[in-house]
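Number of protein chains: 2
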Amino acid sequence: MKIEGNLIVGQSGGPTSVINASLAGVYKTAKDLGVKTVYGMVHGIQGLLNGQYIDMSEHIKEESDIELLKRTPSAYLGSCRYKMPVFEGNEDLYEKVFSILEELNVHYFIYIGGNDSMDTIKQLSDYAAKYGKTQKFIGCPKTIDNDLAITDHTPGFGSAAKYIATSTKELICDALGLAYQKKNVMVIEIMGRNAGWLTGAAALSRDAECPGPDMIYLPELTFDMDDFMARVKALLEKKDAVIVAVSEGIKTAEGKYVFEYGHDSGYVDAFGHKLLGGTASHLCNLIAAETGAKTRAVEFSTLQRAASHISSFTDVQEAFMAGAAAVQATLDGETGKMVLFRRVKDVPYECTTDLYDIHEISNVEKTVPREWINEDGTYVTEAFINYAKPLILGEITPVYVNGVPKHIVLDEDILA
Amino acid sequence: MKIEGNLIVGQSGGPTSVINASLAGVYKTAKDLGVKTVYGMVHGIQGLLNGQYIDMSEHIKEESDIELLKRTPSAYLGSCRYKMPVFEGNEDLYEKVFSILEELNVHYFIYIGGNDSMDTIKQLSDYAAKYGKTQKFIGCPKTIDNDLAITDHTPGFGSAAKYIATSTKELICDALGLAYQKKNVMVIEIMGRNAGWLTGAAALSRDAECPGPDMIYLPELTFDMDDFMARVKALLEKKDAVIVAVSEGIKTAEGKYVFEYGHDSGYVDAFGHKLLGGTASHLCNLIAAETGAKTRAVEFSTLQRAASHISSFTDVQEAFMAGAAAVQATLDGETGKMVLFRRVKDVPYECTTDLYDIHEISNVEKTVPREWINEDGTYVTEAFINYAKPLILGEITPVYVNGVPKHIVLDEDILA
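Taken in order, these protein sequences are the chains called A and B.
Going from the first sequence to the numbering used here is simple: count from 1 and add 104.
Going from the second sequence to the numbering used here is simple: count from 1 and add 104.
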């Protein structure tokens with residue numbers, strides 16, 4: 105294997121707890137395999153186009169920095185929400201990218217991101233093929249949503265699922281200890297607008313000590329408000345504390361998000377703006393009004409993608425592996441491909457990386473199969489649980505300094 | 105020291121991550137010192153009055169159960185929100201309590217809770233004194249709010265503060281990695297309606313890697329909406345990501361909670377009920393309307409009192425110590441007193457328990473001193489940070505099973 109030049113890596117889209125573990129995998133593997141300079145795009149390709157990049161060796165100086173990178177949430181290099189336009193008609197922009205790469209003697213380009221980032225890899229590799237450029241482009245997946253096709257799962261999902269399972273278990277424990285001769289309903293809102301992978305992970309809270317949520321509503325199925333309310337009422341007849349987990353993206357038969365009903369029923373502020381309200385708080389308002397129960401809406405919000413203090417070790421390790429595999433692939437001369445995961449076995453769990461043609465990775469979102477949701481549409485099945493459970497296993501001990509986890513970050517003026 | 109009979113312990117009020125560590129301290133110390141039977145009130149004195157109690161030895165069987173108890177959030181015995189009425193005119197109720205105690209040969213009564221629970225201890229010990237009862241009554245404090253007078257701090261505060269500091273740091277890391285050429289404002293809402301101890305703990309996120317929130321608003325000072333908005337705008341001129349931590353209880357000069365403005369400005373649902381809205385989401389709506397920035401409201405909600413996977417070891421240990429001290433005190437014949445903490449030294453931090461006459465523990469809430477808030481009213485001072493920092497130090501490793509922390513819980517039918 106002859107190394108043809110330097111390597112550049114970027115991060116793009118919404119971050120995960122382990123997107124930096126993939127970055128660590130890229131950096132360490134590239135250096136170990138003899139790449140002279142590993143550049144980092146600051147704020148992805150958008151930043152690169154503005155001339156923002158770093159030589160990673162100037163910032164990641166010791167092995168312990170690589171360990172910290174695995175424990176640092178968010179995108180270390182800075183992320184962007186920028187999608188390269190198709191290259192036809194935008195050749196100037198593409199030439200600009202390639203001239204920066206040539207200037208830095210970059211031969212290998214790795215982009216860690218979701219669907220939009222994979223599209224960027226496709227565009228860049230196609231452009232290179234068409235215009236005789238020799239640089240290699242490989243995509244490394246990430247998304248907490250787990251909605252990428254073909255790969256068994258995505259780096260980032262396991263840690264978000266572990267956060268959700270743990271927090272749900274803690275919330276249920278709290279609710280059961282408090283509930284006494286008064287009716288309480290807690291609605292937990294979980295990310296994933298179109299795919300219910302994360303919401304389903306609330307079921308991983310269920311074990312010998314914890315009954316899990318009473319009901320779980322995924323966005324894959326139509327949400328029937330009357331049926332939901334009838335079920336909540338029936339549960340309240342039997343018990344004092346009812347806990348429901350819902351996807352932020354549940355929709356009624358009219359195709360409207362549940363949270364939109366909140367927006368549309370007169371919730372406007374003094375400026376006439378519609379209120380930004382959550383699905384859980386809207387449901388809580390309705391439940392309180394219909395049943396008189398005390399309600400509480402809990403949104404995991406950004407915490408579910410940022411709580412790296414409780415990352416899944418399996419996820420961290422696989423994210424690192426994915427970054428490492430991306431480097432190996434590009435040094436081997438591969439281009440226009442994405443790294444993915446193949447599950448070798450469920451019990452004991454084994455997983456390996458593979459490569460896939462980026463052109464065949466459609467923009468289709470992978471949703472939870474119907475057969476992994478129960479007939480009522482109110483819970484996930486054992487098959488879902490068996491799929492998700494191995495992905496949350498293991499912990500990576502945070503390095504606590506003054507009682508809070510230590511991270512590694514770029515200077516604010518570099519990220520600006 | 106002669107042991108005169110059995111001991112009963114109960115938990116009351118909103119739980120904390122470490123209220124069960126105090127229970128562990130009570131149980132283990134009582135058994136170690138030779139108490140024959142340690143009873144647990146199920147759902148506090150309210151449950152006891154309904155005949156609900158357990159013999160704890162039937163449920164906490166091994167040393168490892170005690171370790172799990174330290175790692176289990178919520179109230180293991182079940183909590184209640186019930187305040188004993190004054191005994192004058194309610195002698196029947198008090199006689200019922202004492203007859204249950206006599207039936208169980210209980211001589212020692214320990215109640216772990218907040219202000220209302222301490223009032224129960226006061227009433228019971230006064231009743232005993234007046235009517236020649238020999239039972240001893242000792243209070244063991246708990247509250248995440250840290251608003252009890254006289255004690256240096258309360259068990260439960262340190263763990264909630266550690267959760268808040270850690271989560272705030274992770275959220276800020278996420279926001280700074282994403283912010284690029286677009287304006288973002290995040291408002292984090294923290295518990296503590298009248299006392300800003302927990303909100304101030306957001307400042308503990310600030311260190312070499314993390315700038316901390318840009319502003320922190322405690323409920324001790326009047327919240328000036330115009331001044332706040334001007335400051336947010338000024339910050340947005342200088343940077344892309346602005347992070348603000350606010351107490352749920354901030355109030356304007358008219359004495360109205362900020363979240364009430366949300367309720368009062370036309371937010372009613374289809375049933376005419378006022379919307380339950382948070383302080384943070386109301387501020388986010390206003391900021392979005394006034395500045396056009398993208399906003400996100402994050403509420404730590406119940407998580408801040410239930411996230412025992414990230415408890416402060418200092419807090420767990422002190423909560424255990426408080427429970428142990430309560431047992432020692434009652435066996436020594438003390439009654440009508442509460443355990444409290446005295447800080448021996450700041451550096452290195454040392455803390456010890458003490459006893460205080462429960463009659464002198466007023467119902468006054470201890471709020472953050474004015475001099476621990478900066479002149480602008482937009483941050484806590486170094487003195488606050490020095491006070492709070494030792495309380496979040498150390499971790500207690502959760503026992504993870506299938507990727508989630510293991511707890512110890514009573515059967516649901518006992519808690520019902």
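All C-beta atoms in this analysis are idealised placements derived from N, C-alpha and C, irrespective of residue type, glycine included.
Quick caveat: nothing in here was measured; it's all calculated off a predicted structure.
Distance CB(residue i)-CB(residue j) smaller than 7 Å
i, j, result
"B:VAL503", "B:THR399", "no"
"B:ILE216", "B:CYS184", "no"
"B:VAL210", "B:ASN110", "yes"
"A:VAL130", "A:VAL146", "no"
"A:GLY260", "A:VAL431", "no"
"A:TYR212", "A:THR406", "no"
"A:ALA428", "A:THR133", "yes"
"B:SER126", "B:LYS266", "no"
"A:CYS277", "B:HIS463", "no"
"B:LEU208", "B:TYR143", "yes"
Beta-carbon neighbours of residue i, restricted to chain B and to distances below 8 Å
i, result
"A:LYS266", "GLY507 and VAL508"
"A:GLY151", "TYR284"
Contact list for residue i against chain A, beta-carbon separation under 7 Å
i, result
"B:GLN227", "Going along chain A, no residue has its Cβ under 7 Å from B:GLN227, so there is no contact; the nearest lies around 20 Å."
"B:THR270", "HIS413, VAL508 and PRO509"
"B:VAL348", "In chain order: nothing, as chain A lies at least about 14 Å away."
"B:LEU325", "The premise fails here: B:LEU325 is roughly 24 Å from chain A at the closest Cβ pair, so nothing lies under 7 Å."
Residues that residue i contacts on chain A, provided the C-beta gap is smaller than 9 Å
i, result
"B:PRO317", "Here the premise fails: no neighbours, minimum Cβ distance about 14 Å."
"B:LEU497", "TYR504, ASN506 and GLY507"
"B:GLU403", "ALA401, VAL402, GLU403 and SER405"
"B:GLY218", "Correct list: empty, because the minimum Cβ distance to chain A is about 13 Å."
Under 9 Å by beta carbon: chain B residues contacting residue i
i, result
"A:SER415", "Within 9 Å Cβ-Cβ: nothing; A:SER415 doesn't reach chain B, min ~11 Å."
"A:LYS240", "Per Cβ cutoff of 9 Å: no residues; A:LYS240 is ~26 Å from chain B at best."
When the options are compared against residue i, the one with the closest alpha-carbon
i, options, result
"B:PRO452", "B:LEU495, B:THR482, B:GLY217 and B:ASP436", "B:LEU495"
"A:ALA307", "A:GLU486, A:ARG446, A:SER161 and A:GLY440", "A:GLU486"
"A:ILE477", "A:MET319, A:GLU438, A:GLU499 and A:GLU403", "A:MET319"
"B:VAL468", "B:SER203, B:ASP251 and B:LEU280", "B:ASP251"
"A:LEU177", "A:ASP223, A:SER385 and A:ALA423", "This sequence places Pro at residue 177 of chain A; Leu is not what is there. Selected option, being the one with the closest Cα: A:ALA423."
"B:HIS386", "B:TYR267, B:ILE354, B:HIS463 and B:ILE414", "B:ILE354"
"B:THR258", "B:LYS470, B:ILE489, B:THR238 and B:ASP328", "B:LYS470"
"A:SER412", "A:GLU199, A:ILE242 and A:THR270", "A:THR270"
"A:PRO323", "A:THR482, A:THR501 and A:LYS106", "A:THR482"
"A:SER351", "A:PHE363, A:GLU358 and A:ASP344", "A:PHE363"
"B:ILE242", "B:THR439, B:ASP515, B:VAL513 and B:ASP458", "B:THR439"
"A:MET222", "A:ALA357, A:ALA265, A:GLY148 and A:ASP196", "A:GLY148"
"A:ASP220", "A:GLU274, A:TRP301, A:GLN115 and A:GLY144", "A:GLN115"
"A:ALA264", "A:THR255, A:ASP159, A:ASP249 and A:LEU325", "A:ASP249"
"A:LEU514", "A:ALA233, A:VAL420, A:ASP169 and A:THR457", "A:ASP169"
"B:LYS342", "B:GLN285, B:ASP230 and B:SER229", "B:GLN285"
Proximal chain A residues relative to residue i, where beta-carbon distance stays under 8 Å
i, result
"B:ASP278", "PRO119, PRO177, SER178, THR406, ARG409 and ALA410"
Reduced DSSP category for residue i - H, G, I as helix; E, B as strand; rest coil
i, result
"B:TYR284", "coil"
"B:TYR186", "coil"
"A:LEU444", "strand"
"B:GLU358", "coil"
"A:MET333", "helix"
"A:LYS510", "coil"
"A:ALA349", "strand"
"A:ILE204", "helix"
"B:GLU499", "strand"
"B:ILE242", "strand"
"A:LYS343", "coil"
"A:ILE268", "helix"
"A:TYR365", "helix"
"B:PHE191", "coil"
"B:TYR231", "helix"
"A:HIS386", "helix"
"A:MET295", "coil"
"B:ILE248", "coil"
"A:ILE254", "coil"
Partners in chain B for residue i, counting only beta-carbon separations shorter than 7 Å
i, result
"A:LEU519", "LEU280"
"A:SER221", "The premise fails here: A:SER221 is roughly 14 Å from chain B at the closest Cβ pair, so nothing lies under 7 Å."
Checklist entry - What are the uninterrupted segments assigned as alpha helix (DSSP H) that are 4 or more residues long and contained completely in the segment 450 to 491 of chain B, given in chain order? => result Taken in chain order, the complete alpha helix (DSSP H) segments of 4 or more residues contained in the segment 450 to 491 of chain B number zero; there are none.
Item to check | Every unbroken beta strand (DSSP E) within the segment 105 to 182 of chain B, with a cutoff of 3 residues, ordered by chain | outcome: Fully enclosed beta strand (DSSP E) runs of 3 or longer: 110 to 115, 142 to 145 and 157 to 159.
Checklist entry - Whole alpha helix (DSSP H) runs in the segment 391 to 422 of chain B with 4 or more residues, listed along the chain? => result 407 to 410
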